[in-house]
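Peer 1: Dumping the structure here so I can ask a few things about it.
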Amino acid sequence: MDTGDTAWMLTSAALVLLMTPGLAFFYGGMVRSKGVLNMMMMSLGAMGVVGVLWVLVGYSTAFGPDIGGGLLGGPFEFFGLEGLLGPDARTGTVPTTVFAAFQAMFAIIAVALVSGAVADRARFGPWLLFAALWALVAYFPVAHWVFDPTGWIVRGLRAVDFAGGTAVHVNAGAAGLALALVLGRRVGWPRDRPKPHNLPLVVLGAGLLWFGWFGFNAGSAVAANTTAGVTFVNTLVATSAAVLAWLAAERVRDGRATTLGAASGVVAGLVAITPACSAVTPVGAIAIGAVTGALCALAVGLKYRFGFDDALDVVGVHLVGGLSGTVLIGLFADPRAPAGVAGLFHGGGVDQLWRQVVGASAVLAYSFVVSLALGHLVKSLVGFRVDEEAEITGIDEAEHAETAYEFGLRGGTPLKGATGHEAGHGDHQAVHAGRGESGA
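If you want the working numbering, it's the position in the sequence shown, counting the first as 1, plus 3.
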């Protein structure tokens, strides 16, 4: 047992948990003002559902003794983390409970990521049911494939995915696409394209995600060592490059660079470097970030071309970014990096490239099919989508009996002591509310 490694892993676990509230801010700022609470609640709900399931059966399914040829761990082998609480239960140089806690945060945010694809139209209760089913059937088994030493992608295929480009981002992105197809388009889309109601919230969320992602990637070293240092630096520079590439793509395409583009570039770069951070040098990380940043900036327009309403670009950023980062390992992997594999540009030929393509494609196909089936199951059992009236007037009121913003009004009258500006702003909001419109 190493106390330094243990301290780093406890810190990393806390950093990764912070990413889910960060995602709630990021997603919440991107939707209309009358749907921000529902959007944030979907992330908070994922924390509740997946946190419990992970301790009961999730850890055991992902990291229990293999019972299916690299496909599945024994779901009840460590039920409730049974047998892992004593001083002899170790993973590497840290207590297994610490490793289990760290991996729990991955499961939580993977589920929360899916919610962005169905913003403004999913009922909260059915979402929690889907989150539970998807974690059990999709995330926990795929985590076994990718993270457990006996998983078929790790041991059999020998594809590199250091921190979850496939298990988290391709997995969630494919699920988001499937769920968007199950729920259908928002009312008025694509004719009406709601703008983000609060860009400062989006930037705050992106900042918290970047901050927490250092724990996500560097913590995956499961030690305070050289690998953690390399992945930390690569996480920084790949994300920086992706921001610049996204802004450049916007400038060329639209004539201006946007705040939303910068925040989205942050997330695209983080997604891309997640699988690759142990396999490339910092120069390779810059290349992966730049390529993926530009690619995702273009990919977010695919939903208009193909007609699927991926509200917050889960497909364009997480699916495309995860695929890009995973596949580009086959080109940019440098044997001098901790993973010790060589890509095409460093004398490795196409050997690592085809392994990366097969691993990413397998997760994409499995997650899409399973998510499509689960989405239809929930839809048929309890209904999944809010009715049209609730969607138009506001999903926050319909699902939670709350509104995010109260501008100095109580029963239609300005609050005592409110300034003229505050009262006027409240009147403006009341006019919009009376017309059933967003304040955005």
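Here a beta-carbon is modelled for each residue, glycine too, at the ideal position from N, C-alpha and C.
(1) Apart from the five residues just before and just after Arg-189, which ones in its own chain have a Cβ nearer than 6 Å to its Cβ?
(2) The alpha helix (DSSP H) spanning Gly-397 covers which residue range?
(3) Could you tell me which uninterrupted alpha helix (DSSP H) segments, each at least 4 residues in length, are contained entirely in the segment 290–364, listed from first to last along the chain?
(4) May I have the straight-line CA-CA distance separating Asp-151 from Gly-350, to the nearest angstrom?
(5) With a threshold of 7 Å between beta carbons, is Arg-124 in contact with chain C?
(6) In or out: Tyr-30 buried (at least 16 other Cβ within 10 Å) or exposed?
(7) Note down, in chain order, each residue of its chain lying with its Cβ closer than 8 Å to the Cβ of Asp-337, except the 5 sequence neighbours on either side.
(8) Mind checking whether the beta-carbon of Thr-6 lies closer than 6 Å to any heavy atom of the ligand ADP?
(9) Alpha helix (DSSP H) containing Thr-262: first to last residue?
(10) I believe Ala-275 touches Ser-327 by the beta-carbon criterion, under 8 Å. Please report the beta-carbon distance rounded to the nearest angstrom.
(11) With DSSP as the reference, please indicate the residues paired to Arg-93 in a beta bridge.
(12) According to the neighbour-count rule (16 or more other Cβ atoms, all chains shown, within 10 Å of its Cβ), is Glu-391 buried or exposed?
(13) Would Glu-409 be called buried (16 or more neighbouring beta carbons within 10 Å of its own) or exposed?
(14) Grouping DSSP H, G and I as helix and E and B as strand, with all else coil, what is Arg-188?
(15) Does DSSP put Gly-159 in a helix, in a strand, or in coil?
(16) By the three-class DSSP mapping on this structure, what secondary structure does Ala-125 have?
(17) Start and end of the alpha helix (DSSP H) containing Phe-481?
(18) Since I believe Gly-292 is in contact with Ala-231 (beta carbons under 8 Å), could you give me their beta-carbon distance rounded to a whole number of angstroms?
(19) From what residue to what residue does the alpha helix (DSSP H) around Trp-57 run?
(20) Can you tell me which of the three DSSP states Arg-388 falls into?
(21) Return the chain-ordered list of same chain residues with a C-beta closer than 6 Å to the C-beta of Ala-92, the five sequence neighbours on each side being excluded.
(22) Consult DSSP for Asp-69 and reduce its assignment to one of helix, strand or coil.
(23) Grab me the residues of Leu-20's own chain with a C-beta within less than 6 Å of its C-beta, minus the 5 sequence neighbours each way, in chain order.
(24) Go ahead and label Gly-310 buried or exposed: buried means 16 or more other beta carbons lie within 10 angstroms of its beta carbon, across all protein chains shown.
(25) On the three-state DSSP scale, how would you describe Gly-167?
(26) Look up Gly-76 in the DSSP assignment and say whether it is helix, strand or coil.
(27) Quick one: grab the DSSP three-state call for Asp-5.
(28) What does the Cβ neighbour count give for Glu-402, buried or exposed, with the cut at 16 atoms within 10 Å?
(29) CB-CB under 7 Å to Leu-139, same chain, minus the five flanking residues each way: which ones, in chain order?
(30) Using 8 Å for Cβ pairs, my map puts Phe-165 next to Leu-18. What's the rounded Cβ distance?
(31) For the pair the segment 108–122 and the segment 131–138, tell me if three or more CB-CB distances fall below 8 Å.
(32) To the nearest angstrom, how far is it from the Cα of His-200 to the Cα of Leu-384?
(33) Write down the C-beta distance between Phe-28 and Leu-204 rounded to the nearest angstrom, noting that I regard them as a contact closer than 8 Å.
(34) Tell me which residues share the same chain as Gly-414 and place their Cβ nearer than 8 Å to its Cβ, disregarding the 5 neighbours each side in the sequence.
(35) Given a cut-off of 7 Å, decide if Thr-14 and Gly-73 are closer than it, judged by their beta-carbon atoms.
(36) Could you check where the alpha helix (DSSP H) with Phe-235 kicks off and where it finishes?
Peer 2: Quick answer:
(1) Asp-123, Arg-124, Asp-312
(2) From DSSP, Gly-397 is part of no alpha helix (DSSP H); its letter is neither H nor E.
(3) 305–309, 323–335
(4) 28 Å
(5) In the displayed structure, chain C is absent; only one protein chain is listed.
(6) buried
(7) Ala-282, Val-283, Thr-284, Gly-287, Ala-345, Gly-346, His-349
(8) The ligand ADP is not among the ligands present in this structure, which contains no ligands whatsoever.
(9) 262–279
(10) 6 Å
(11) Answer by DSSP bridge pairing, in chain order: Pro-98.
(12) exposed
(13) exposed
(14) coil
(15) The answer is helix: DSSP assigns Gly-159 an H, G or I state.
(16) strand
(17) For the chain, the structure presents residues 4 to 443; residue 481 sits outside this window and is missing.
(18) Wrong, their Cβ atoms sit about 19 Å apart, outside the cutoff.
(19) No alpha helix (DSSP H) holds Trp-57; DSSP gives it neither H nor E.
(20) strand
(21) Thr-99
(22) strand
(23) Met-108
(24) exposed
(25) coil
(26) strand
(27) coil
(28) buried
(29) Leu-56
(30) Between Leu-18 and Phe-165 the Cβ distance is about 16 Å, and since that is not below 8 Å, they are no contact.
(31) Yes, since at least three Cβ pairs between the segment 108–122 and the segment 131–138 fall closer than 8 Å, the two stretches touch.
(32) 33 Å
(33) 5 Å
(34) Legend: pLDDT at Gly-414 = 48, less than 50; position of this residue unreliable, value from coordinates given subsequently. Closer than 8 Å at Cβ, skipping near neighbours: no residue.
(35) The Cβ atoms of Gly-73 and Thr-14 do not sit closer than 7 Å to each other.
(36) 229–257
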